[in-house]
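For reference, each letter of the sequence shown is one residue, going 995 to 1085 in the working numbering. Beta carbons: idealized from backbone N, C-alpha and C, even for Gly. Computed from a predicted model, the values in this text were never measured in an experiment.
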Amino acid sequence: MVRGRPATILKVLAILGPWLLIYWQDLEVVAGDAINSEVMNYIIVIPFFIGYAIYRKRRVLQAVTPLENSRQIRNVETGVGASLLLTSFIL
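Here it is in structure tokens:
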């Protein structure tokens, strides 16, 4: 089992790799529209603003996140997972 920095890099690549393969054409279209249109020009900046906001509020998010995995949280996670699965089958 890989540990440390190589494991983190491997995990990030395992998440981003398939995501980029699936959505590459859509990302090209959005980037092309954002570059060519003044109205959609700021669409590229939105993910960075969201990432910055989450980074700034990370301590608050850690404080409000429960440490133990209670039964209610597991039920919510199961419900969200099932709804995402059904949505993926519909799409």
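- Taking 8 Å as the cut-off, the beta carbon of Ala1025 is found no closer than this to the beta carbon of Ile1016.
- Secondary structure note for Leu1004: its alpha helix (DSSP H) is the uninterrupted segment 999-1030.
- Here the alpha carbon of Glu1022 sits roughly 20 Å from the alpha carbon of Leu1007.
- In this structure, the CA atom of Gly1011 is about 10 Å from the CA atom of Trp1018.
- In the three-state reduction of the DSSP assignment, Thr1072 falls in the helix class.
- Exclusion of the five residues before and after Leu1055 leaves Ile1048 as the residues of its chain whose Cβ lies within less than 8 Å of its Cβ.
- Under the three-state reduction of DSSP output, Ser1077 falls in the helix class.
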